[in-house]
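J.: Throughout the sequence shown, residue numbering follows this note's numbering, covering 12 to 316 in sequence.
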Amino acid sequence: MTAPTATISGVAKRYGIVQAVKDVTFELNEGETVALVGHNGAGKTTLIKLMLGLIRPSAGNVLVLGEDPAKGDFEVRRRLGYLPESVSFHMALTGRETLAFYARLKRVEVSVVPELLERVGLAAVAADRPVRTYSKGMRQRLGLAQALLGQPRVLLLDEPTSGLDPALRRRFYDILGELRSAGTTILLSSHALTELEGRANRVVIVNEGVKVADGSLETLRTLAHLPTRVSVKLAGGGSPVDWKFGSGWRKTGVDTVETEVTVEDKVALLREVTANPAEVAGVHLVEPTLDDLYAHFLGGRKAAE
Ligand code: ATP
């Protein structure tokens, strides 16, 4: 197994009397897409800034690509990509000029600029217009192109899809998928939990500076022990009144019944339901969503979209 691309060990960060991050430990690995989620003020941006070396921890250690990012080693920084929560560029420069400027800063060949503009869908016409004429989504795309300069091994994205329309969000996640296949580590902070399902391999939940959960959706589901909803459509217009699988079932329609089952009992229940296939027209399972898991780990607080 390869070494982690980032290691956060027992990290705390205090701003005056505000304890923004408290004893947080996690690792990021090659090819992983990790979602960092939490309420406003939970400490997400602080963790990202610590990984960028923009601020130093009050306690604990941060290593990115084997180095302390706060030491300011240029070689590490050039292999890090960062998209801040609110991107601000020089309004008078065009998209193309902006990207060329950042390419020089990162000592990346300026010849990559057209291809990157193309990749994020900033067509030639838009690329040669001043940034002040850009919509929020276009600025966000330019921000992403900037973050992709130099083929980063670690990409840190702070609420990257806010302000993007559904089509752009899909394009954005397609690009992340390509990067992931190439082994890039991606950490993205977000409030948009629904869109992270199936897109992040792992979810780290923080609350008031403390890490409260860390794992794949499957792992979090097992840990949370939340029930799966099982909905059954009866065959041949069978009346739910005749449904005899025991207590706990409730009628939800003319020919549909529903119950909830724990992870442990799910298979046994499905076997029971399908024992007589002639009786059943369809079975639909609804697993706990990331929203449900988030609320569970935060003790009932819902995600603020
Ligand atoms: P959001 O979802 O709103 O972006 P966040 O999870 O990114 O929130 P942080 O920006 O990391 O949260 O803030 C964590 C805590 O630290 C908050 O209480 C915030 O007010 C505080 N904080 C952040 N930066 C500073 C600073 N420079 N000086 C003082 N307090 C700060």
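Built from N, CA and C at the ideal position, the CB exists for glycine as well. Note that the structure is predicted; figures quoted are calculated from it, not measured.
Just to confirm, is the Cβ distance from LEU159 to LEU127 under 7 Å?
T.: yes
J.: Does the Cβ-Cβ distance between ARG225 and LYS244 come in under 7 Å?
T.: The question names Arg, but residue 225 is Asp in the sequence shown. No, Cβ-Cβ distance for ASP225 and LYS244 is not below 7 Å.
J.: Report the residue from ASN212, THR57, HIS202 and GLY77 whose alpha carbon sits nearest the alpha carbon of SER69.
T.: THR57
J.: What first and last residue would you give for the alpha helix (DSSP H) that runs through SER192?
T.: 177 to 192
J.: Runs of 4 residues minimum, wholly inside the segment 64 to 107: which ones carry the alpha helix (DSSP H) assignment?
T.: 85 to 88
J.: Can the beta-carbon of TRP260 be found less than 7 Å from the beta-carbon of THR270?
T.: yes
J.: From ALA289 to ARG210, what distance separates their C-alpha atoms?
T.: 37 Å
J.: Within 6 Å: the Cβ of ASP31 and any heavy atom of the ligand ATP?
T.: Strictly speaking, residue 31 in this sequence is Ala, with Asp absent from that position. Answer for ALA31: yes, Cβ within range of the ligand ATP.
J.: Have a look at GLU275 and PRO238 and give me their C-alpha separation to the nearest angstrom.
T.: Approximately 10 Å between the Cα atoms of the pair.
J.: Does the Cβ of PRO177 have 16 or more other Cβ atoms within 10 Å, making it buried, or fewer, making it exposed?
T.: exposed
J.: Write down the C-beta distance between VAL22 and LEU61 rounded to the nearest angstrom, noting that I regard them as a contact closer than 8 Å.
T.: 6 Å
J.: Quick check: does the Cβ of LYS277 come within less than 6 Å of any heavy atom belonging to the ligand ATP?
T.: LYS277 Cβ: outside cutoff for every heavy atom of the ligand ATP.
J.: Can you check which of these residues, PHE37, ILE28 and ALA17, is closest to VAL221 by C-alpha distance?
T.: PHE37
J.: CB-CB under 7 Å to VAL32, same chain, minus the five flanking residues each way: which ones, in chain order?
T.: VAL22, ALA23, LYS24, GLY54, THR57, LEU58 and GLY220
J.: Nearest to ASN326 by alpha carbon, out of ILE186, SER201 and GLY106?
T.: Examination of residue 326 is not possible in this model, given that the chain is present from 12 through 316 alone.
J.: Quick check on VAL35: does DSSP put it in helix, strand or coil?
T.: strand
J.: Output yes or no for whether 7 Å exceeds the beta carbon distance between GLY194 and GLY42.
T.: yes
J.: DSSP three-state call for VAL131: helix, strand or coil?
T.: Three-state result, VAL131: coil.
J.: Just the Cα atoms here: how many angstroms apart are ARG181 and SER173?
T.: Approximately 13 Å between the Cα atoms of the pair.
J.: Considering only DSSP beta bridges, list what GLU271 is partnered with.
T.: ARG240
J.: Is any heavy atom in the ligand ATP found nearer than 6 Å to the beta carbon of GLY49?
T.: For GLY49, the shortest C-beta to heavy atom distance toward the ligand ATP is below 6 Å.
J.: Taking the CB atoms as reference points, tell me whether ILE216 and VAL73 lie closer together than 7 Å.
T.: no
J.: Return the CA-CA distance between PRO95 and SER122, expressed in angstroms with no decimal places.
T.: Distance between the alpha carbons of PRO95 and SER122 is about 24 Å.
J.: Tell me whether PRO171 sits in a helix, a strand or coil according to DSSP, three-state version.
T.: coil
J.: What's the C-alpha gap between THR196 and ARG88?
T.: 14 Å
J.: According to DSSP, is VAL265 part of a helix, a strand, or is it coil?
T.: coil
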